[in-house]
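Under our numbering, read the sequence shown as residues 273 to 570, first letter to last.
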Amino acid sequence: MAPPATRAVRERLRIAIQKTGRLAEPARALLAACGLSWRESRDRLFCHGESMPVDLLLVRDDDIPGLIEGGACDLGIVGRNVLLEHAASSACFREWRALGFGGCRLDIAVPDDWTWQGPTQLQGKRIATSYPALLDGWLRAQGIEAEVVALSGSVEIAPRLGQADAVCDLVSCGATLAANQLVPVLTLLHSEAVLAGPATPFGDARDALAQLLQRRLDGVLRLKDSKLLLFQAQRQAVPALLKLLPDAEAPTVLQVDGADTLALQTLCHGAMTWQHLEDLKRAGACGLLVVPVERMLA
Ligand code: PRT
Ligand code: ZN
């Protein structure tokens, strides 16, 4: 294991994100929603932060854990799968928080003409993967001896080429596996994009910047799919109405006229469909209003 690099004191925070690929645009959009803006360099590898002292480095996702470990970048947005694959050989970085996009699974898949009987069926087999450390760790934990065939790409085709008997690869909708006559049989990891950072504080101005960024991320991610719901109801109908809103936060309640008519406002997480509104109306709510929420600071 490489010794941790000595970090230079810095006033600006540097975040590594994927230059192109599945996580590139969502990562930039999320950071922009946190109020960050940048001036791009001509080579599009470095973006100088304008609204805050937070710069971006645009790189290949596989390089992000090493950049954090080496201190060239402070934080990174990367798939949990990539982070954990590298974490097997380094304790210098960790997942700070999940970011709610780039969801996928790391699955073991076998040819569709196998009759799957369980993990022991992998004993003595060759399994192709781009995640050898994660697969190796899982096989050890299961007590299965199998050959890990490390490939950097085109893993799904390995069984058809005779390079492996099974595969361990990322899956989202599963169409790629199906197109290669493979079926997923086990999930090793549920992954999504995460904010990764060092395991220990920076010890300079970057700690406050990182905290500020995390607070903004909290606000933005909590608001995803959230709506403010406003309605009126008779006092006695309120308990039944709140039962219809299990994902809602504790409501603010105002008395409208006399003692019995109340106005309620509550932040609802998840979709607020017409069906929800009709159910609430039947249970005694009126004047229902669903309002988008732009920003929140708890
Ligand atoms: O160039 P660079 O090295 O930066 O990019 P990359 O090609 O290594 O990564 P990229 O952009 O393909 O993926 C970046 C991250 O997106 C991954 O590390 C995962 O965290 C996440 N992600 C989410 C996925 C998928 N979904 C996904 N479906 N990464 C890869 N796939 C592959 C999958 O392996 C299969 O081959 O996409 C193919 C289609 O999947 P199905 O199941 O939808 O057919
Ligand atoms: Zn990559």
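Glycine included, every Cβ here is placed at the ideal spot set by N, Cα and C.
Quick check on the DSSP output: the alpha helix (DSSP H) that includes residue 250 runs from which residue to which? Residue 250 lies beyond the residue range present for the chain, which begins at 273 and ends at 570; the question has no answer from this structure.
At a cut-off of 7 Å, is residue 401 close to the ligand PRT when judged by its beta-carbon and the heavy atoms of the ligand? Reading the sequence shown from its first residue, position 129 is the one you call residue 401. The ligand PRT never approaches residue 401 closely enough for any of its heavy atoms to be under 7 Å from the residue's Cβ.
Leaving aside the five residues before and after residue 459 along the sequence, list all residues of the same chain whose C-beta is less than 6 Å from its C-beta, in chain order. Here residue 459 is taken as the residue at index 187 of the sequence shown, counted from 1. Counting only Cβ-Cβ distances below 6 Å, and skipping sequence neighbours, we find 377, 379.
Residue 422 versus residue 390 - alpha carbon distance: The residue you call residue 422 lines up with position 150 of the sequence shown. The residue you call residue 390 lines up with position 118 of the sequence shown. Inter-residue distance for residue 422 and residue 390 is about 23 Å (C-alpha atoms, whole angstroms).
Starting from the N-terminal side, write out each stretch of the alpha helix (DSSP H) that is 4 residues or longer and does not extend beyond the region 362–445. Entirely contained in the region 362–445, the alpha helix (DSSP H) runs reaching 4 residues are, in chain order, 404–414.
N- and C-terminal bounds of the alpha helix (DSSP H) containing residue 325: By one-based count along the sequence shown, residue 325 stands at place 53. Annotation for residue 325: no alpha helix (DSSP H) segment contains it, and DSSP assigns it neither H nor E.
Based on Cα-Cα distance, which residue from 477, 499, 496 lies nearest to residue 283? By 1-based counting over the sequence shown, the position of residue 283 is 11. Of the listed residues, the one whose Cα sits closest to residue 283 is 477.
Looking at the structure shown, is residue 317 part of a helix, part of a strand, or coil, going by DSSP? Taking the first residue of the sequence shown as position 1, residue 317 is located at position 45. Three-state result, residue 317: coil.
For residue 529, list the residues DSSP reports as bridge partners. To locate residue 529, count along the sequence shown from 1; it is residue 257. Residue 529 pairs with 533.
For a quick check, are the C-beta atoms of residue 352 and residue 464 less than 8 Å apart? One-based indexing of the sequence shown puts residue 352 at position 80. One-based indexing of the sequence shown puts residue 464 at position 192. The answer is yes: Cβ separation under 8 Å.
Could you compute how far the alpha carbon of residue 387 sits from the alpha carbon of residue 455? Sequence index remark: in the sequence shown, residue 387 carries index 115 (1-based). Sequence index remark: in the sequence shown, residue 455 carries index 183 (1-based). Rounded to the nearest angstrom, the gap between the Cα atoms of residue 387 and residue 455 is 11 Å.
Would you call residue 519 buried or exposed, if buried means 16 or more other Cβ atoms sit within 10 Å of its Cβ? The residue you call residue 519 lines up with position 247 of the sequence shown. Around the beta carbon of residue 519, a 10 Å sphere encloses fewer than 16 other beta carbons of the protein chains shown; the residue is thus reported as exposed.
Any heavy atom of the ligand ZN inside 7 Å of the beta-carbon of residue 507? Along the sequence shown, one-based indexing puts residue 507 at 235. In this structure, the ligand ZN has no non-hydrogen atom nearer than 7 Å to the beta-carbon of residue 507.
Of the residues 507, 453, 288, 489, which one's Cα is nearest the Cα of residue 338? Walking along the sequence shown from the start, residue 338 turns up at place 66. Considering only alpha carbons, the answer is 288.
Report the three-state DSSP secondary structure of residue 506 (helix, strand or coil). Along the sequence shown, read from residue 1 onward, the residue named residue 506 stands at position 234. Strand at residue 506.
Consider the C-beta atom of residue 332 and the heavy atoms of the ligand SAH; say whether any pair is separated by less than 7 Å. In the structure shown, the ligand SAH is absent; the only ligands present are the ligand PRT and the ligand ZN.
If you reduce the DSSP assignment to three classes, tell me which class residue 312 lands in. On the sequence shown, residue 312 is found 40 positions in, with the first residue counted as 1. In the structure shown, residue 312 sits in a strand (DSSP, three-state: E or B).
Look at the alpha carbon of residue 475 and the alpha carbon of residue 281, and state the distance between them as a whole number of angstroms. Reading the sequence shown from its first residue, position 203 is the one you call residue 475. Reading the sequence shown from its first residue, position 9 is the one you call residue 281. For the pair residue 475 and residue 281, the Cα-to-Cα distance works out to about 8 Å.
Would the C-beta of residue 387 count as close to the ligand PRT, meaning under 7 Å from any of its heavy atoms? Taking the sequence shown and counting its residues from 1, one reaches residue 387 at position 115. Incorrect: residue 387 has no Cβ contact closer than 7 Å to the ligand PRT.
Residue 342 - DSSP class collapsed to helix/strand/coil: Stepping through the sequence shown from its first residue, residue 342 is reached at position 70. Residue 342 falls in the helix class under three-state DSSP.
Have a look at residue 512 and residue 487 and give me their C-alpha separation to the nearest angstrom. For the purposes of this step, residue 512 is taken as the residue at position 240 of the sequence shown. For the purposes of this step, residue 487 is taken as the residue at position 215 of the sequence shown. The alpha-carbon of residue 512 is positioned some 34 Å away from that of residue 487.
Quick check: what's the CA-CA separation for residue 290 versus residue 435? Residue 290 sits at position 18 when you count from the first residue of the sequence shown. Residue 435 sits at position 163 when you count from the first residue of the sequence shown. So the two alpha carbons sit approximately 30 Å from each other.
Sequence-distant residues of the same chain with beta carbon closer than 6 Å to residue 515, five excluded per side: Translated into positions along the sequence shown, residue 515 becomes position 243. The beta carbon of residue 515 sits closer than 6 Å to none of the beta carbons in its chain outside the five residues before and after it.
In the DSSP assignment, find the beta strand (DSSP E) that holds residue 522 and state where it starts and stops. Here residue 522 refers to the residue found at position 250 of the sequence shown. Where residue 522 is concerned, there is no enclosing beta strand (DSSP E), given that its DSSP letter is neither H nor E.
Based on the DSSP secondary-structure assignment, which residues constitute the bridge partners of residue 459? Numbered from 1 along the sequence shown, position 187 holds the residue referred to as residue 459. Residue pairing for residue 459: DSSP places it in a beta bridge opposite 379.
Alpha-carbon spacing of residue 275 relative to residue 540, whole angstroms: Stepping through the sequence shown from its first residue, residue 275 is reached at position 3. Stepping through the sequence shown from its first residue, residue 540 is reached at position 268. Low confidence applies here, because residue 275 scores a pLDDT of 46, under 50, leaving its location unreliable; read the following figure in that light. One alpha carbon belongs to residue 275, the other to residue 540, and they sit about 47 Å apart.
At the level of alpha carbons, what is the spacing between residue 581 and residue 473? Outside the displayed range of the chain (273 to 570) lies residue 581, so it cannot be described from this structure.
Cβ of residue 452 within 7 Å of any heavy atom in the ligand PRT? Looking up residue 452 in the sequence shown gives position 180. No, the beta carbon of residue 452 sits no closer than 7 Å to any heavy atom of the ligand PRT.
Which residue marks the beginning of the beta strand (DSSP E) containing residue 491, and which one marks its end? Here residue 491 refers to the residue found at position 219 of the sequence shown. First-last for residue 491: 477–495, but that is the alpha helix (DSSP H), not the beta strand (DSSP E).
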